[in-house]
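Let me begin by presenting the structure, written as C-alpha cells, before commenting on it.
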Amino acid sequence: MRSVDLIALDREDRPFLLVEAQRRPVSPTTERSILHDLASAREALPYGGRIHFGLIADPESMRLYELDRDEPSPLGSWATNDILGHYDPGFPERVRSLSGIHPDSIAGLIGSWLRDIAYHWKSPSPPGTEQWEAAGLLGRIAEGSTLSEVRLGFGALR
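Heads up: the sequence shown begins at -6 in my numbering, then just goes up one per residue.
Shown next, in the form of C-alpha cells:
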C-alpha cells in the first residue's frame, strides 16, 4: 500500500501539497524518482482532483515543486535546520547523532511549520513564509490543516 508522509489541506479541506520526508540527504537521481512517485501518487488520492505541489525534505534542505511540469524545478527551497530548528531546538543535534532523525519526525515538524504559517500559533511571522507567498501558496496554507501517513491504496512509495 502506497503512502505519503504528509498532505496539506486548504481551509476547505482540499489537498494541495504532498510531502515526502527522507532520513538522509537525497541525491539528484533519488529526487527525480521521488518526484515521479509523488506525481503518480497524487492521482490515487481518495479526495479526487489532482494535487499540484510536492515538498521533498531531508536533513539538509526542503524543496517545493510544482508537480504538473515535465521537468519540475523548485519553487522554493529552505535549509531544514533553519526552519525545523525553530520548532524543535534539538533538531540539529538529532540530525548529527549516530542514529540520525526519523522521517516521521521531519514530517511532524513540517506539519508544525505549516500549521504555524496557517495560524501563527508560534510566530507572528513564521520562517520561510516569504517563499510560500512568492510561490502563490500562502493563501492555500492559511487556515488549512495537515494529514499524516495517508495511505493511497497501492504499492509502497518508499
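Virtual Cβ for every residue (Gly too), placed ideally from N, Cα, C.
| Query | Result |
| --- | --- |
| Simplified DSSP state of D(-2), which is helix, strand or coil | strand |
| Alpha carbon of G121 to alpha carbon of Y80, nearest angstrom | 13 Å |
| Reference V(-3); option with closest CA among S33, R4 and D3 | S33 |
| N-terminal and C-terminal residue of the alpha helix (DSSP H) that V19 is part of | Per DSSP, V19 belongs to no alpha helix (DSSP H) and is neither H nor E. |
| Start-to-end residues for the beta strand (DSSP E) that takes in A128 | Unbroken run through A128: none, as it is neither H nor E. |
| Pair within 9 Å by beta-carbon distance, L(-1) and I103 | yes |
| Bridge partners - I94, DSSP secondary structure assignment | Answer is none; I94 lacks a bridge partner. |
| Distance between L31 and E59 (C-alpha atoms, nearest Å) | 11 Å |
| Which of helix, strand or coil DSSP assigns to L31 | helix |
| Three-state secondary structure (DSSP) of E24 | helix |
| Cβ-Cβ separation, A14 to A100 (assumed contact under 8 Å), whole Å | 4 Å |
| Inter-stretch contact (C-beta, 8 Å, three-pair minimum) for the stretch 2 to 19 and the stretch 82 to 102 | yes |
| Buried or exposed by the 16-neighbour rule on C-beta atoms within 10 Å, applied to A72 | exposed |
| Nearest-angstrom Cα separation, counted from S26 out to G129 | 25 Å |
| E123 burial status per 10 Å Cβ neighbour count (16 or more: buried) | exposed |
| Contact set for R151: own chain, Cβ-Cβ below 7 Å, skip 5 residues either direction | Note that R151 scores a pLDDT of 45, beneath 50, so its modelled location is shaky and nothing firm can be said. |
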